[in-house]
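One line per chain: the protein sequences are B and U, in this order.
FYI, the working numbering numbers position 257 of the first sequence as 257, with every residue one higher than the one before it.
If you want the working numbering, it's the position in the second sequence, counting the first as 1, plus 305.
Glycine included, each C-beta is placed from N, C-alpha and C at the ideal position.
To start, the structure itself, in structure tokens.
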Amino acid sequence: MLITSPLTTAGPSLDPIHDLARLTEYPFMVSALEAGTIVAAMAGVIGWFMVLRRQTFAGHTLSVMAFPGASGALLIGLSAAAGYFLFSGLVALAIGLAATRRGSDDRGQESALTGAIQAFGLACGFLFLSLYQGVLGSYESLLFGSFLGITSSQVLALAAVAAATLAVLAIAGRPLLFASIDAGVAAARGVPTRAVGVGFLLLLGLAVAETAQITGALLVFALLVAPPATAQLITPRIGLSLVLSVALGVLVTWIGLALAYFYGYPVGFYITTAAFVAYVLARAGRTVGDRVGPLRRARPLEAGA
Amino acid sequence: MFAHEFFRNALLAGSFVALACGTVGYFVVLRAQVFAGDALSHVAFTGALAAAAAGLDTRVGLFAATIAIALVLGGIGRGAGEDDVAIGITFAWVLGLGVFFLALFSEGSGGGNGLLGARALFGSIFGLSAGEARLAAVISAAIAAAALAIARPLLFASVDPAVARARGVPVRALGVAFLVLVGATAAQATQAIGALLLLGLLAAPAGAAQRITSDPYRALALSALLALAAMWAGLALSYAIPSLPPSTAIVSVATALYALALLLTAAGVSGRPAPAERTPQSAGSRN
């Protein structure tokens with residue numbers, strides 16, 4: 001995934017318009033930017049709920065299910081997409097049903113279950129791979145995808161998945177938010193919190209499965225967790241924080257793609273680094289703000305129980 | 306089966322690694338830190354690649370990276386389950402760094418790096434030499450002994466941090482020391498048996514043991530025993546069925562044991578009182 005354009009040797013001119021023109025000079029970069037923007041926007045919204053619900057571990061588990069999905073599909077001759085959907089759907093159901101069985105007040109068991117399911121899924125992937133006895137792309141492209149070879153039909157597929165995901169979230173957003181912030185009160189008010197939880201994990205799994213095959217499992221995960229967490233640190237206001245999360249995700253992706261284009265080295269490295277720096281800055285800013293004075297800061301959003 | 310040297314080496318290293326994982330894993334599950342363990346095992350991958358890119362011994366990179374990140378995670382930690390977000394972000398970035406080192410390394414050596422990556426993730430327990438197996442056994446035994454040495458205060462600090470702190474137990478220092486221990490386990494297990502196996506052996510036997518009994522010391526012993534059983538059964542299975550990779554066999558046995566424990570405790574003993582005071586959360590919400 002090293003982007004080695006003919007222009008790699010020449011750095012950016014630091015003239016934004018000129019640089020943007022150079023960035024969009026080649027069709028592959030246009031596709032990469034489009035795909036990156038779509039993925040970042042979707043991850044910014046669904047990841048916002050994931051972070052709110054403290055389901056980062058489940059999100060990571062779902063995103064690495066790309067590996068058994070891909071190798072299993074290869075083994076039995078299915079399309080990779082079918083394998084991805086099958087595996088992450090199954091794992092989302094397993095985590096959702098098993099982990100929330102007893103009101104999920106036992107975080108130790110919940111984390112043990114998620115870990116065991118992840119290890120088992122990866123073990124299956126390893127088995128499929130050794131049965132297939134073939135080569136499954138490179139290790140790196142499995143993790144961070146290949147932004148180079150994105151076709152315009154893949155961009156369309158990504159856009160469709162993102163639109164569907166966002167539509168579901170728009171419809172189910174209110175009960176989901178309610179159930180995430182205060183599960184006890186939501187259940188008392190008649191919100192089916194358990195069904196909402198399982199449904200959310202399924203949606204997350206399907207969205208991640210579709211995007212992981214194009215942009216790589218870990219890049220999706222980085223975009224799912226870092227921009228939303230940064231946004232939630234910056235403001236407690238729900239709408240603003242959602243917008244900020246999407247904006248940060250898109251910004252980080254563009255910076256990463258541009259740096260990779262101009263300087264070489266993997267996109268995944270630049271995007272994760274930019275996202276990490278933004279989070280560290282936000283966290284440092286909060287700490288300083290809390291120490292400096294009573295600025296009437298509201299507490300960040302926190303999931304109940 | 307025992308006539309082959311590779312199998313004896315695997316059995317020696319595997320037994321001690323399983324004991325260490327079962328012991329450390331009990332506390333990992335008790336403290337709801339499986340995600341931290343997972344992150345540390347991925348950090349090992351970056352450490353190995355960084356050492357390879359710098360031309361150092363991979364072992365140096367493994368231990369340095371996992372222990373450094375364990376210190377960071379312990380430093381920012383605020384409590385079990387609270388800081389999954391910070392762990393996720395740190396570890397996504399560390400993996401991004403790993404890919405960067407991979408690119409650096411492949412620039413220097415020109416190929417062959419995929420193998421290193423695959424070995425870091427999956428290990429090859431049947432490929433250990435006698436010396437490597439002995440070293441793995443010694444380090445794992447030391448890790449298990451260290452975990453047992455701090456078992457009592459750690460248990461207290463995990464179950465009820467507030468009371469432990471009031472009684473003068475250094476809760477925060479213990480938490481950091483424990484994560485360093487998990488980091489050392491990850492570094493050790495990664496080179497012997499692979500990061501994938503580590504997660505399975507950390508989470509599944511301990512999860513099963515805590516479902517079966519709520520007595521902490523009995524659960525601790527059971528967790529180590531179940532890990533050992535999974536290791537032995539997995540090794541034997543993989544020897545009998547050559548197309549079954551050992552890591553898959555071992556993780557599958559461990560997961561099956563966990564599933565069995567879940568089914569048994571859910572179906573047969575549903576009248577059993579819920580294990581009290583297992584975590585601060587559960588203790589609080591059951592009052």
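Listed by chain order, chain U residues near residue i by CB distance under 7 Å
{"i": "Tyr279 (chain B)", "result": "Ile394"}
{"i": "Ala229 (chain B)", "result": "Val390 and Ile394"}
{"i": "Ile266 (chain B)", "result": "In the sequence as presented, Ile is not what sits at residue 266 (chain B); that position holds Pro. In chain order: Val404, Phe405 and Ala408."}
{"i": "Phe276 (chain B)", "result": "Ile394 and Trp398"}
{"i": "Phe126 (chain B)", "result": "Phe427, Leu501, Pro550, Ser552 and Thr553"}
Min CB distance residue i to chain B below 8 Å
{"i": "Ser320 (chain U)", "result": "no"}
{"i": "Trp537 (chain U)", "result": "no"}
{"i": "Asp362 (chain U)", "result": "no"}
{"i": "Tyr563 (chain U)", "result": "yes"}
{"i": "Ile352 (chain U)", "result": "The sequence given here has Gly at residue 352 (chain U), not Ile. Not one chain B Cβ lies under 8 Å of Gly352 (chain U)."}
{"i": "Ala337 (chain U)", "result": "yes"}
{"i": "Gly328 (chain U)", "result": "Reading the sequence as shown, one finds Thr at residue 328 (chain U) and not Gly. No, no contact with chain B."}
{"i": "Thr490 (chain U)", "result": "no"}
{"i": "Thr570 (chain U)", "result": "no"}
{"i": "Leu504 (chain U)", "result": "yes"}
{"i": "Ser587 (chain U)", "result": "Because the pLDDT of Ser587 (chain U) is 40, which lies under 50, any placement of that residue in the model is unreliable, and the question is left without a value."}
{"i": "Phe461 (chain U)", "result": "no"}
{"i": "Gly379 (chain U)", "result": "no"}
{"i": "Ala315 (chain U)", "result": "no"}
{"i": "Gly436 (chain U)", "result": "no"}
{"i": "Gly473 (chain U)", "result": "no"}
Inter-residue CB distance, residue i and residue j (contact presumed, cutoff 8 Å)
{"i": "Ala92 (chain B)", "j": "Leu202 (chain B)", "result": "5 Å"}
{"i": "Ala66 (chain B)", "j": "Gln232 (chain B)", "result": "With a Cβ gap of about 26 Å, Ala66 (chain B) and Gln232 (chain B) do not count as contacting."}
{"i": "Gly96 (chain B)", "j": "Val191 (chain B)", "result": "With a Cβ gap of about 16 Å, Gly96 (chain B) and Val191 (chain B) do not count as contacting."}
{"i": "Ala222 (chain B)", "j": "Gly403 (chain U)", "result": "With 8 Å as the limit, Ala222 (chain B) and Gly403 (chain U) do not qualify as a contact, their Cβ atoms being about 12 Å apart."}
{"i": "Ala70 (chain B)", "j": "Gly83 (chain B)", "result": "6 Å"}
{"i": "Pro551 (chain U)", "j": "Phe431 (chain U)", "result": "6 Å"}
{"i": "Ala373 (chain U)", "j": "Ala349 (chain U)", "result": "Not quite, the Cβ-Cβ distance comes to about 11 Å (not below 8 Å), so this is no contact."}
{"i": "Leu540 (chain U)", "j": "Gly319 (chain U)", "result": "6 Å"}
{"i": "Gly313 (chain B)", "j": "Gly89 (chain B)", "result": "The structure shown does not extend to residue 313 (chain B), since chain B is modelled only from 1 to 305, so the question has no answer here."}
{"i": "Leu549 (chain U)", "j": "Leu542 (chain U)", "result": "6 Å"}
{"i": "Ile381 (chain U)", "j": "Asp388 (chain U)", "result": "6 Å"}
Per-residue contacts from residue i into chain B (C-beta, under 8 Å)
{"i": "Tyr522 (chain U)", "result": "Neighbours of Tyr522 (chain U) on chain B: none; closest Cβ ~17 Å, over 8 Å."}
Short CB-CB distance (under 8 Å) between residue i and chain U
{"i": "Tyr84 (chain B)", "result": "no"}
{"i": "Thr287 (chain B)", "result": "no"}
{"i": "Ser130 (chain B)", "result": "yes"}
{"i": "Gly330 (chain B)", "result": "An answer regarding residue 330 (chain B) cannot be provided, because it is not within the stretch 1 to 305 covered by chain B."}
{"i": "Arg54 (chain B)", "result": "yes"}
{"i": "Leu62 (chain B)", "result": "no"}
{"i": "Leu158 (chain B)", "result": "no"}
{"i": "Ala282 (chain B)", "result": "no"}
{"i": "Ser169 (chain B)", "result": "Checking the sequence, you will find Leu at residue 169 (chain B) rather than Ser. It does not: the Cβ of Leu169 (chain B) has no partner Cβ on chain U nearer than 8 Å."}
{"i": "Leu259 (chain B)", "result": "no"}
{"i": "Ala222 (chain B)", "result": "yes"}
{"i": "Leu218 (chain B)", "result": "yes"}
{"i": "Thr273 (chain B)", "result": "yes"}
{"i": "Phe87 (chain B)", "result": "no"}
{"i": "Phe262 (chain B)", "result": "no"}
{"i": "Phe269 (chain B)", "result": "yes"}
{"i": "Phe57 (chain B)", "result": "yes"}
Chain U contact residues for residue i, given Cβ-Cβ distances below 8 Å
{"i": "Val225 (chain B)", "result": "Val390, Gly393, Ile394 and Ala397"}
{"i": "Gln109 (chain B)", "result": "Val334, Gly512, Gln515 and Arg516"}
{"i": "Val51 (chain B)", "result": "Val390"}
Residues that residue i contacts on chain B, provided the C-beta gap is smaller than 9 Å
{"i": "Asp465 (chain U)", "result": "By Cβ distance, chain B contributes nothing, its closest Cβ being about 14 Å from Asp465 (chain U), past 9 Å."}
Partner residues on chain B for residue i, Cβ-Cβ distance less than 7 Å
{"i": "Pro547 (chain U)", "result": "In chain order: nothing, as chain B lies at least about 10 Å away."}
{"i": "Phe311 (chain U)", "result": "What Phe311 (chain U) touches in chain B: nothing, since even the nearest Cβ is about 17 Å away."}
{"i": "Val556 (chain U)", "result": "Ala119, Phe120 and Ala123"}
{"i": "Ala508 (chain U)", "result": "Ala112, Gly115, Ala116 and Ala119"}
Check whether the stretch 391-408 of chain U and the stretch 267-284 of chain B touch, using three or more Cβ-Cβ pairs below 8 Å as the test. The stretch 391-408 of chain U vs the stretch 267-284 of chain B: in contact.
If we count Cβ pairs, one from each stretch, closer than 8 Å, do we get three or more for the stretch 311-329 of chain U versus the stretch 447-462 of chain U? Segments in contact, yes.
Could you tell me whether the stretch 37-57 of chain B touches the stretch 215-234 of chain B, using the rule of 3 or more Cβ pairs below 8 Å? Contact between the stretch 37-57 of chain B and the stretch 215-234 of chain B is present, with at least three C-beta pairs closer than 8 Å.
Between the stretch 475-482 of chain U and the stretch 343-358 of chain U, do at least 3 Cβ pairs fall closer than 8 Å? With a cut-off of 8 Å, the stretch 343-358 of chain U and the stretch 475-482 of chain U do not count as touching, because too few Cβ pairs lie within range.
At least three beta-carbon pairs within less than 8 Å, the stretch 309-325 of chain U to the stretch 471-478 of chain U: The stretch 471-478 of chain U and the stretch 309-325 of chain U do not touch, with fewer than three beta-carbon pairs separated by less than 8 Å.
Counting pairs of Cβ atoms below 8 Å between the stretch 171-181 of chain B and the stretch 27-36 of chain B, do you hit three or more? Too few Cβ pairs lie closer than 8 Å, so no.
Can we say the stretch 112-123 of chain B touches the stretch 545-562 of chain U, given the rule of at least three CB pairs closer than 8 Å? In short, these stretches touch, since the Cβ pair count reaches three.
Meets three-Cβ-pair contact criterion under 8 Å: the stretch 327-344 of chain U and the stretch 502-515 of chain U: In this structure the stretch 327-344 of chain U touches the stretch 502-515 of chain U; the number of beta carbon pairs closer than 8 Å is three or more.
Is it true that the stretch 335-351 of chain U meets the stretch 52-67 of chain B, where meeting means three or more beta-carbon pairs spaced less than 8 Å apart? Output reads yes: the stretch 52-67 of chain B touches the stretch 335-351 of chain U.
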